[in-house]
Ligand SMILES: NC(=O)c1ccc[n+]([C@@H]2O[C@H](COP(=O)([O-])OP(=O)(O)OC[C@H]3O[C@@H](n4cnc5c(N)ncnc54)[C@H](OP(=O)(O)O)[C@@H]3O)[C@@H](O)[C@H]2O)c1
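Residue numbers (the working numbering): 2 to 290.
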């Protein structure tokens with residue numbers, strides 16, 4: 002697997018491993034260790050997942066085992082909305098993520114949502130980036146209109162935008178906006194996040210059979226061929242390995258078109274970012290005292 006080069010020159014693996022909803026610390030640590038042993042080098046956590054400490058433990062153990070060095074790994078975390086209230090809280094949140102992971106720097110840190118006072122939070126991230134605590138900084142769930150305003154306003158443009166991207170919510174216009182600003186797209190829920198019944202989909206099934214691959218592998222491959230970085234999650238070793246085994250085949254232009262035709266548009270999204278109830282839930286959600 003090769004890398005994407007972010008607009009600040011930092012190399013980002015094209016595939017990583019996500020740990021959303023892996024709340025049990027030991028299960029999280031073991032899954033991350035399994036993933037690193039299998040060959041993943043990018044790990045995606047967040048302050049709101051409350052497992053940054055387990056990720057840090059797995060990283061230290063993998064390095065101690067001699068599987069890889071710290072600089073071969075690409076560790077991502079995210080700032081939760083509660084800490085995006087002002088500059089000082091955002092600054093403290095970055096230090097807290099470093100402390101919880103036990104790492105001297107994070108390879109990528111993201112604003113988890115375009116909520117709260119995210120411009121003040123971004124200034125804290127720009128300063129931590131200049132200090133070398135964060136090697137790259139980015140955003141998540143920034144829809145094209147929000148990303149455009151943000152890129153036109155901030156001093157340092159985000160290097161990455163992590164958004165929901167899978168065949169049922171393909172967001173071609175979001176990819177266009179990211180391309181325009183040199184922002185690397187990264188897919189959350191690249192397997193649909195347990196929704197949309199992709200594993201019973203006849204179109205995906207036929208394409209998978211034609212390539213001798215699984216439906217999950219076809220979904221992941223479709224995103225990487227669109228230039229998107231993917232971070233599938235699993236707590237099962239066979240699936241962790243299967244999800245990484247996508248670098249030896251190529252979908253045809255016809256396959257790509259058929260998969261893209263499954264797009265349901267905005268009705269397909271799992272998270273209703275335009276719904277006031279969802280925004281209120283995020284803004285009032287506390288992950289610490
Ligand atoms: N920025 C954000 O707002 C945001 C939101 C959501 C997620 N994320 C990030 O993106 C990562 C991935 O998204 P996600 O976890 O929501 O969804 P996902 O990776 O698309 O799907 C995970 C689900 O698919 C199952 N699965 C994994 N591999 C499979 C395979 N080969 N065959 C069949 N089923 C398989 C997993 O079950 P098992 O674990 O039981 O195998 C799990 O239920 C997260 O872990 C997180 O790091 C970010």
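Glycine included, C-beta positions come from ideal geometry on N, C-alpha and C.
Rounding to the nearest angstrom, what Cα-Cα distance links residue i and residue j in this structure?
{"i": "residue 7", "j": "residue 69", "result": "22 Å"}
{"i": "residue 71", "j": "residue 175", "result": "32 Å"}
{"i": "residue 19", "j": "residue 154", "result": "30 Å"}
{"i": "residue 120", "j": "residue 86", "result": "10 Å"}
{"i": "residue 125", "j": "residue 157", "result": "12 Å"}
{"i": "residue 275", "j": "residue 284", "result": "13 Å"}
{"i": "residue 55", "j": "residue 223", "result": "31 Å"}
{"i": "residue 172", "j": "residue 142", "result": "12 Å"}
{"i": "residue 111", "j": "residue 272", "result": "18 Å"}
{"i": "residue 83", "j": "residue 287", "result": "6 Å"}
{"i": "residue 295", "j": "residue 11", "result": "In the structure displayed, the chain extends from 2 to 290; residue 295 sits before or after that span and is not available."}
{"i": "residue 206", "j": "residue 266", "result": "21 Å"}
{"i": "residue 88", "j": "residue 197", "result": "39 Å"}
{"i": "residue 38", "j": "residue 167", "result": "26 Å"}
{"i": "residue 178", "j": "residue 221", "result": "21 Å"}
{"i": "residue 243", "j": "residue 33", "result": "15 Å"}
Between residue i and ligand 1, is there a pair consisting of the residue's CB and a ligand heavy atom that are separated by less than 7 Å?
{"i": "residue 142", "result": "yes"}
{"i": "residue 192", "result": "yes"}
{"i": "residue 237", "result": "yes"}
{"i": "residue 172", "result": "no"}
{"i": "residue 266", "result": "no"}
{"i": "residue 113", "result": "yes"}
{"i": "residue 215", "result": "yes"}
{"i": "residue 19", "result": "yes"}
{"i": "residue 201", "result": "no"}
{"i": "residue 45", "result": "yes"}
{"i": "residue 186", "result": "no"}
{"i": "residue 159", "result": "no"}
{"i": "residue 232", "result": "yes"}
{"i": "residue 243", "result": "yes"}
{"i": "residue 40", "result": "no"}
{"i": "residue 15", "result": "no"}
{"i": "residue 31", "result": "no"}
{"i": "residue 240", "result": "yes"}
Given that a residue counts as buried once 16 or more other Cβ atoms are within 10 Å of its Cβ, and exposed if not, what is residue i?
{"i": "residue 281", "result": "exposed"}
{"i": "residue 217", "result": "buried"}
{"i": "residue 108", "result": "buried"}
{"i": "residue 79", "result": "buried"}
{"i": "residue 91", "result": "buried"}
{"i": "residue 268", "result": "exposed"}
{"i": "residue 289", "result": "exposed"}
{"i": "residue 150", "result": "exposed"}
{"i": "residue 203", "result": "exposed"}
{"i": "residue 210", "result": "exposed"}
{"i": "residue 16", "result": "buried"}
{"i": "residue 160", "result": "buried"}
{"i": "residue 93", "result": "exposed"}
{"i": "residue 162", "result": "buried"}
With distance defined between alpha-carbon atoms, name the residue in the options nearest to residue i.
{"i": "residue 238", "options": "11, 35, 247, 262", "result": "35"}
{"i": "residue 132", "options": "197, 244, 95, 289", "result": "95"}
{"i": "residue 190", "options": "14, 10, 21, 103", "result": "21"}
{"i": "residue 188", "options": "204, 290, 270", "result": "270"}
{"i": "residue 58", "options": "117, 241, 103", "result": "103"}
{"i": "residue 43", "options": "13, 50, 28", "result": "13"}
{"i": "residue 230", "options": "77, 152, 278, 33", "result": "77"}
{"i": "residue 208", "options": "235, 183, 253", "result": "253"}
{"i": "residue 81", "options": "183, 31, 248, 114", "result": "114"}
{"i": "residue 97", "options": "140, 3, 135, 228", "result": "135"}
To the nearest whole angstrom, what separates the beta carbons of residue i and residue j, a pair I think is in contact under 8 Å?
{"i": "residue 199", "j": "residue 193", "result": "5 Å"}
{"i": "residue 24", "j": "residue 46", "result": "So it is not a contact: roughly 12 Å between Cβ atoms."}
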